[in-house]
Amino acid sequence: MSFIDLINRFNSFDFEEYFNSVTPADIEKTLNLDHLDSRDLLNLLSDQARPFLEDMARKASKLTHQYFGRTIGMYAPMYIADYCTNYCTYCGFSAAVDFKRTKLSLPEIEREAGAIAATGIRHILVLTGEAPAKTPMSYLISAVEILKKYFSSIALEIFPMDEEDYRTLNRAGADSLTVYQEVYDREVYREVHPRGRKADYDYRLLTPERGARAGFRAINIGTLFGLGEPRSEAFFAGLHAGYLEREFPDVEISLSLPRMTKAKGGIEPKNILSDTGFVQCMLAWRLFMPRLGITVSTRESASFRDRLIHLGATRYSAGSKTDVGGYAVQHSDATPQFEITDDRSVDEVADMIRQSGYQPVFKDWEIV
Amino acid sequence: MTAMEKDTLYLGDVELTSRLLTGTGKFASRTLIPAMLEASGSEMITVALRRVDPGATRKNILDYIPDSVRLLPNTSGARTAQEAVRIARIAREAGCGRFIKIEVITDMKYLLPDNHETLLATETLAKEGFIVLPYMMPDVTVSKQLHDAGAAAVMPLGSPIGTNRGLEMKPMIKRIIEGSKLPVVVDAGIGRPSQAAEAMEMGADAVLVNTAIATSHDPVMAGKAFALAVRAGRMAYLAEMEDKKMYADPSSPLTGFLGE
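Protein chains in written order, with the working numbering: chain A, 1 to 368; chain B, 369 to 628.
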């Protein structure tokens, strides 16, 4: 059974009606359970759970300490190309946006890698747009081979691929995969992905499964908050993570909570996710899946990120640049994919983590 | 000299006085590790090779472990025997010594070990001269096979890692202790000193505790508490306080009338 079969079961499910039917007693019952099912996840995402946020936070914090300790994994993103053939209406790299595209040469990748590694970062997330003609397999393999010299873990956030190509990149040294569905609501998905390869909802939805089968040891998924209705989107992301955990028990599953910020040429978010809503999603996911990794990027502000440490987050990016060559090469014409809100250095973020009573963990993998 | 004073534990050819093994993961600050080691008297500490960074721009995890404490690198992250073997070799090259704790885990939700792959890795690494301590699902047959494969001890889990649920596998671990020619180190799931004492009372040779110490509010004091519990449990075992017999031991033998 693929995740499509599971998600299709909710085709006629009336989320609004269910959310409205949840009672405080339901929330209390869910909070007293050790093992939560999908209905409990819905309960915790409902508006009625809001008065219970503090209880959720305490339980989430305890579970996170138990399974992850007082530690936060550190990573940084590295954009190596911004060519893209998709027309995602919310993205700064969309083919509809007119700007001079760039792609790092292999020596440039090495310079960027050196600059990032010098900050102490050992886990790298490599990003491209979706333009296989510009960033073919041979280029990606060479990039991974260079990055192996500088980093202990290489995660890919590139365009969805077939299992065999993923296997090739995994064998080359990439160990983790990040792919966001962006939006689980099929109608909204169609609206915001009008053209290009990404318009194929099902192919994208099954990408994490292909990645897991190809041998990646960690898979990070998520929904881009701002596109679909936040509670049902958070539910589907959690359901997806739970499905992957069950189907691929040897793969570490994590979720991200990217919230839309204004990108150049992009649309304004339709469904703003408030800070409270953000925290509620995070807590609900943690209670639903105690071992789930939760990644928080520099899209979020410094002051907000400082508080999330205590609420179940397990991984932070730091010192991030979201434009191609942003660390060392500095193409003057590069455009960021999204604006960074927390622009502190790696050292500053690590200090904040320590001051909060947690250990920043720079290396937590070994490529063998 | 009392029985307790000369009661030492051998892992391979290494003699240890403390029967509390500890871990380096999950601490709020690595600076707590040396203080915890001192307070607990633990002489062996496990460290995941995946966390060791010889090229670290900041201090390396190994810098926090005093020379007097034995390093027990582990293969956390390995999903196959082959990966565990490679990690062990990297650990040795990185100067982590001859010990290796094999962790081959294929279930990330409960962090349960794969006994089959663990056995294969044990066989290879023991032949290569490692002192092999395999983390395992409590299984009497596998325990014997690990012995034959050259393990220096067996490390059955009390309950899944990080759950603090104590000796959920108690009857199985007991069977292993009864039949094992190797030291039995109960590893994982021990959440309270009383559970550590319970493991020692029933005859475990040592326990390994990480989460419960590292995530407590005062890891230094928690380390000390576990050390005391392990010692108390060991003393109780040596004093033969645990009722080892299946049936009562009547003062007048039931078959005494038979004369012979």
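We treat Cβ as the ideally placed atom computed from N, Cα and C, and that holds for glycine.
Because the structure is a prediction, the values reported are computed rather than measured.
Which of helix, strand or coil DSSP assigns to residue i
i, result
"I367/A", "coil"
"T579/B", "helix"
"L177/A", "strand"
"V420/B", "coil"
"P561/B", "helix"
"D98/A", "coil"
"M282/A", "helix"
"S317/A", "strand"
"S584/B", "coil"
"D250/A", "coil"
"M369/B", "Bear in mind that the predicted position of M369/B carries a pLDDT of just 44, short of 50, making it too unreliable to give a figure here."
"Y503/B", "strand"
"D275/A", "helix"
"M1/A", "coil"
"L622/B", "coil"
"D40/A", "helix"
"T30/A", "helix"
"D555/B", "strand"
"I294/A", "strand"
Neighbour list for residue i in chain B, Cβ cutoff strictly below 8 Å
i, result
"Q359/A", "F395, A396, S397, R398"
"K363/A", "R418, R419, V420, D421, A424"
"A118/A", "T425"
Distance cut-off 7 Å: residue i Cβ against heavy atoms of the ligand FMN
i, result
"T322/A", "Among the components modelled here there is no ligand, and therefore nothing to report on the ligand FMN."
Whole-number beta carbon distance between residue j and residue i, since they are thought to touch under 8 Å
i, j, result
"K363/A", "S61/A", "In fact, because the Cβ distance is near 25 Å, the residues do not count as touching under 8 Å."
"V126/A", "A172/A", "Not really, about 12 Å apart at Cβ, beyond 8 Å."
"L104/A", "A284/A", "Going by Cβ atoms, the distance from L104/A to A284/A rounds to 39 Å, so no, they are not a contact pair."
"M412/B", "L384/B", "6 Å"
"A489/B", "V453/B", "5 Å"
"G571/B", "I545/B", "5 Å"
"A81/A", "G129/A", "6 Å"
"V361/A", "R419/B", "7 Å"
"L440/B", "K394/B", "In fact, because the Cβ distance is near 16 Å, the residues do not count as touching under 8 Å."
"A234/A", "I221/A", "That belief does not hold up - the Cβ atoms of A234/A and I221/A are roughly 12 Å apart, past 8 Å."
"I499/B", "G380/B", "4 Å"
"V251/A", "M476/B", "7 Å"
Neighbouring residues, chain B, relative to residue i (Cβ below 9 Å)
i, result
"A212/A", "By Cβ distance, chain B contributes nothing, its closest Cβ being about 11 Å from A212/A, past 9 Å."
"E245/A", "M476, K477"
Under 9 Å from the C-beta of residue i: neighbouring residues of chain A
i, result
"D381/B", "Here the premise fails: no neighbours, minimum Cβ distance about 28 Å."
"D475/B", "P249, D250"
"I468/B", "Within chain A, no residue comes near I468/B; the closest Cβ sits about 14 Å away, beyond 9 Å."
"I558/B", "Under the 9 Å cutoff, chain A gives no residues; its nearest Cβ is about 13 Å from I558/B."
"N532/B", "Q66"
Beta-carbon gap between residue i and residue j smaller than 8 Å
i, j, result
"S297/A", "S256/A", "yes"
"L501/B", "V553/B", "yes"
"T64/A", "Q359/A", "no"
"I458/B", "V368/A", "yes"
"M282/A", "L239/A", "no"
"L405/B", "V382/B", "no"
"G534/B", "G559/B", "yes"
"G319/A", "T119/A", "yes"
"L273/A", "F225/A", "yes"
"V196/A", "T85/A", "Note on residue identity: the sequence assigns Gly, not Val, to residue 196/A. In contact: G196/A and T85/A (Cβ atoms closer than 8 Å)."
"P160/A", "T223/A", "no"
"V192/A", "V179/A", "no"
"R299/A", "F248/A", "no"
"R231/A", "S46/A", "yes"
"V577/B", "A593/B", "no"
"P551/B", "D586/B", "no"
"H35/A", "G73/A", "no"
"I455/B", "Y432/B", "no"
"L169/A", "A212/A", "no"
"A556/B", "P539/B", "no"
Contacts of residue i in chain B (Cβ-Cβ under 7 Å)
i, result
"R122/A", "D421"
"H65/A", "T583"
"T71/A", "K394"
"R299/A", "By Cβ distance, chain B contributes nothing, its closest Cβ being about 26 Å from R299/A, past 7 Å."
Neighbouring residues, chain A, relative to residue i (Cβ below 7 Å)
i, result
"E451/B", "V368"
"L455/B", "Reading the sequence as shown, one finds Ile at residue 455/B and not Leu. The contacting residues are E366, V368."
Residues that residue i contacts on chain A, provided the C-beta gap is smaller than 8 Å
i, result
"R447/B", "R217, D250"
"T579/B", "Q66, G69"
Complete runs of the alpha helix (DSSP H) confined to the region 51 to 138 of chain A [at least 4 residues] = 53 to 68, 106 to 117
Can you give, in chain order, each stretch of the beta strand (DSSP E) that sits fully within the region 145 to 204 of chain A and has at least 3 residues?
-> 153 to 157, 176 to 178
Complete runs of the alpha helix (DSSP H) confined to the region 200 to 243 of chain A [at least 4 residues] = 201 to 205, 207 to 214
Mind listing, in chain order, the continuous alpha helix (DSSP H) runs of no fewer than 4 residues lying wholly within the region 472 to 552 of chain B?
-> 483 to 495, 508 to 517, 538 to 547
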